[in-house]
Structures are given as structure tokens and as C-alpha cells.
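Heads up, the thing below is written out as C-alpha cells.
In my numbering, the protein residues as written are 1352 to 1525.
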């Protein structure tokens, strides 16, 4: 395993979209009717990721293992429907393919996301996580994320019960 962590470029958009789709389906695909999953995934396009990668409001960090994308994290402006402090960044997506679970890739992506948030001047990071995704919830617990609300994450016409979590970023200059 030769892992490299780097910022995404527009040329990575196809691989990011493919990883998102693969990881989402292997983790959650069994929860949905085929029509709902298809409807949701229609919005997961390389073009959408390419636009976000080129948008300064977003930041992507990739984990690449021997030229294969193993995982990524995406930060962006807060859009979750909860009361949000003005200095908040959202961890929009953190996905790691199963072959790299337990290898430290997710932890390294989280550390890099927290460092990027601090660099951007954020004092809070928030995210949503499916209530029954116990592995992810334990992971976020280790970083001190705490519940601040709930959210209906729509997959087609199916509403997943998500918990909105927030973390206070302790900055070096505090």
C-alpha cells in the first residue's frame, strides 16, 4: 500500500463520482427501492464534482493508493437545515472504499479535513450521518462530534433519518 494524499483537480472528477457511487451503493444500496437509488444517483455526476472541485467554496482531499482512488473527503459551505454558527464549514462527504476500511485512510482524511477547516478560519465543522451507520457514528464520536439536530436525507422519495453532528475546532491561535 502506497498512499498519497492530495488535493483534487478537475481531472479527478470521474474517479470521485465513481468512488462515491460505488461506496454509497455497497454501504447503503440495500436500503432503497431500485427507482429511489437510481433517482438519487442521477445527480452524482462527474460534471457536478468537476464544478465543485473548481469552486473555491469547496475543498477535496483524495487518498490515492498506487494511482487508485481509495477515498476522499469534501468540505463545503454549510447547507444542513439546522441553526448554524456563522464560522461553520460542512464535511459534506467522507467516503472510503471497503478495501481500505481499517487502514487509517478515513482517520487521515479527517485530520486533513480538520486542518483545512482551520486554515479556512472555521471554528465549527458539521455533518450528517445516517442514524443506523454505527461504524461512522463511532468514528465521528472519536473526534468529539456532538448531535445538534436531525435531517431527512432524501434518496429518491425515501427519507433517511440522519443526525446532524457538530465539532468545535480548537485552533492553534485560540
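No residue lacks a Cβ here, since even glycine has one placed at the ideal position from N, Cα and C.
Practice item. Tell me residue 1498's beta-bridge partners as DSSP assigns them. Key: Locating residue 1498 in the chain shown gives position 147, where the first residue counts as 1. Looking at the DSSP output, residue 1498 bridges to 1516.
Check your understanding: Taking the alpha carbon of residue 1458 as the point to measure from, which residue in 1489, 1383 and 1381 has its own alpha carbon closest?
Key -> For the purposes of this step, residue 1458 is taken as the residue at position 107 of the chain shown. Nearest option by C-alpha distance: 1489.
Review point. With a Cβ-Cβ cutoff of 9 angstroms, do residue 1413 and residue 1367 count as a contact?
Key: Position 62 of the chain shown, counted from the start, is the residue given in the question as residue 1413. Position 16 of the chain shown, counted from the start, is the residue given in the question as residue 1367. Closer than 9 angstroms, so yes.
Review point. Apart from the five residues just before and just after residue 1389, which ones in its own chain have a Cβ nearer than 8 angstroms to its Cβ?
Key: Residue mapping note: residue 1389 aligns to position 38 of the chain shown, counting from 1. Close CB contacts of residue 1389 within its chain, under the 8 angstroms cut and outside five residues either way in sequence, are with 1507 (chain order).
Check your understanding: Cβ of residue 1491 within 9 angstroms of Cβ of residue 1511?
Key -> Along the chain shown, one-based indexing puts residue 1491 at 140. Along the chain shown, one-based indexing puts residue 1511 at 160. For the 9 angstroms CB-CB criterion, residue 1491 and residue 1511 do not form a contact.
Review point. To the nearest angstrom, how far is it from the Cα of residue 1449 to the Cα of residue 1471?
Key: Counted from its first residue, the chain shown places residue 1449 at position 98. Counted from its first residue, the chain shown places residue 1471 at position 120. When rounded, the distance between both Cα atoms is 30 angstroms.
Exercise for review: Would you check if the distance between the CB atom of residue 1464 and the CB atom of residue 1424 is smaller than 9 angstroms?
Suggested key: Here residue 1464 is taken as the residue at index 113 of the chain shown, counted from 1. Here residue 1424 is taken as the residue at index 73 of the chain shown, counted from 1. Contact: yes.
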